[in-house]
Amino acid sequence: MFSYIVRRLLIAVPVLFGVTIVNFIIINMAPGSPVDMLIDPNITAADIEAKKAALGLNQPLYVQYYYWMVNLLQGNLGFSFSSYQPVAHMIGERLGPTVLLMGLSILLGIAIAIPLGVMSATRQYSKLDYLATGGSFMGISIPHFFLALGLIYIFSLKLKWLPSGGMVTLGGEGGFTDRMLHLVLPVMVLGIGLAGKKIRYVRASVLEILGQDYLRTARAKGVREFLVVNKHALRNALIPIITVVGLEIPMLLGGAVITEQIFSWPGIGQLTMASIMSRDYPTLMGLNLLAATMVLAANLLTDVVYSIADPRIKYN
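Taken in order, the sequence shown gives residues 1 to 316; the numbers are from the working numbering.
Below is the structure:
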């Protein structure tokens with residue numbers, strides 16, 4: 001297993017290198033430039049050229065990429081064009097809140113999807129099955145922004161049970177309880193969306209396993225149905241479930257962009273939108289590098305969890 005992980009990490013290096021090239025080209029091909037955001041009515045063409053020279057934007061694209069890559073290899077992601085702060089520092093400040101939001105959302109989605117999917121499979125064509133399937137379709141169909149606005153209207157404006165946005169209450173102490181209350185609505189939005197996608201996967205995977213001969217043998221031996229389903233069937237049905245959940249980890253970063261904007265959550269999503277609006281190339285490159293790293297890490301983690309869920313899987 002250790003040699004397999006090392007090999008995968010070595011393969012990830014050229015993949016990340018290719019991703020940085022593609023991202024750098026696409027970002028710099030976008031209409032406009034960071035200097036456009038600094039223009040005022042009294043600025044002259046000489047001032048614009050001087051600003052481009054100060055930011056290094058007057059150099060050829062390959063030269064800009066070369067200097068960016070040299071800095072990256074030294075552990076430096078550069079400085080933001082808009083705030084002039086180190087990009088690594090800006091991302092580090094926002095990463096914690098996003099990881100907290102994403103982690104709780106994934107846990108909530110799994111906690112809803114696996115039990116409902118298993119019960120839906122074991123009670124096929126029952127009222128519970130139809131209810132779980134219908135809830136799954138609703139979770140997939142409702143856009144995040146619409147669900148977020150609906151939950152804010154109900155729980156914040158009408159019932160006044162939960163805060164409508166932010167990470168802590170302004171002027172408050174910002175303790176654990178206060179932070180958890182601010183997490184409830186965004187976690188519900190992302191968790192419900194994730195659960196809606198995964199209930200059908202769990203149901204289909206468990207249904208495929210329930211017809212296997214070894215489960216009939218277990219029942220014939222007198223093994224209780226609870227153990228047959230939750231010990232023997234579920235563990236063997238986990239492989240496709242682990243696959244789709246693992247692929248969802250980096251995708252939640254994209255979903256969090258909209259959700260964080262609506263709930264004013266100070267995470268990576270807000271930073272991404274601000275960087276796009278200000279054409280902050282170094283910050284966007286750092287965020288894209290982070291996203292690519294998350295994808296590769298999620299795939300590696302998924303392969304490792306495979307061997308834990310199914311001992312028959314061995315990596316040589």
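No residue lacks a Cβ here, since even glycine has one placed at the ideal position from N, Cα and C.
C-beta contact flag for residue i and residue j at 8 Å
i      : j      : result
Leu190 : Leu252 : yes
Gly75  : Val87  : no
Ala292 : Leu16  : yes
Ile106 : Gly139 : no
Ser80  : Thr283 : yes
Gly56  : Tyr65  : no
Gly166 : Ser264 : yes
Ala298 : Ile249 : yes
Ala218 : Val202 : no
Gly246 : Thr302 : yes
Ser141 : Ile152 : no
Leu296 : Ile91  : no
Ala233 : Leu215 : yes
Leu116 : Ala132 : yes
Assumed close pair residue i, residue j - CB separation to whole angstroms, cut-off 8 Å
i      : j      : result
Arg279 : Ser33  : 6 Å
Gly267 : Thr98  : 3 Å
Tyr306 : Ile242 : 6 Å
Ile112 : Ala204 : That belief does not hold up - the Cβ atoms of Ile112 and Ala204 are roughly 17 Å apart, past 8 Å.
Ile5   : Leu300 : 7 Å
Leu207 : Ala121 : 5 Å
Asn288 : Asn23  : 4 Å
Helix, strand or coil at residue i [DSSP, three-state]
i      : result
Phe79  : strand
Pro86  : strand
Ser120 : helix
Leu162 : coil
Ser205 : helix
Gln64  : helix
Thr283 : helix
Arg200 : helix
Leu100 : helix
Thr293 : helix
Ile43  : coil
Leu170 : coil
Gly92  : helix
Ser33  : coil
Ala74  : Reading off the sequence, residue 74 comes out as Gln, not Ala. Coil, per DSSP.
Val223 : coil
Asn288 : helix
Gln59  : coil
Leu193 : It should be pointed out that residue 193 corresponds to Gly in this sequence rather than to Leu. Of the three classes helix, strand and coil, the one that applies to Gly193 here is helix, per DSSP.
Gly246 : helix
The alpha helix (DSSP H) enclosing residue i, as first and last residue numbers
i      : result
Val13  : 2 to 29
Trp265 : That residue, Trp265, is in no alpha helix (DSSP H); it is neither H nor E in DSSP.
Ile140 : 127 to 141
Ala233 : Element bounds for Ala233: n/a, residue is neither H nor E.
Arg216 : 213 to 220
Leu147 : 144 to 151
C-alpha distance - residue i paired with residue j, whole-angstrom precision
i      : j      : result
Gln85  : Val187 : 30 Å
Leu162 : Leu185 : 8 Å
Val35  : Ala50  : 10 Å
Ala256 : Leu101 : 8 Å
Val118 : Gly150 : 29 Å
Val19  : Gln261 : 26 Å
His144 : Thr259 : 7 Å
Met277 : Leu104 : 29 Å
Pro60  : Lys52  : 12 Å
Asp129 : Gly96  : 38 Å
Arg333 : Ser83  : Since the first residue shown for the chain is 1 and the last is 316, residue 333 is missing from the structure and cannot be characterised.
Leu108 : Arg94  : 22 Å
Ala46  : Asn58  : 13 Å
Glu225 : Lys231 : 10 Å
Arg8   : Val304 : 11 Å
Phe30  : Met69  : Residue identity differs from the one stated: residue 30 is Ala in this sequence, not Phe. C-alpha separation (whole angstroms): 20 Å.
Ile308 : Val168 : 38 Å
Ile10  : Ser3   : One point to set straight first is that residue 10 is Leu, not Ile, in the sequence displayed. When rounded, the distance between both Cα atoms is 11 Å.
Lys197 : Arg179 : 27 Å
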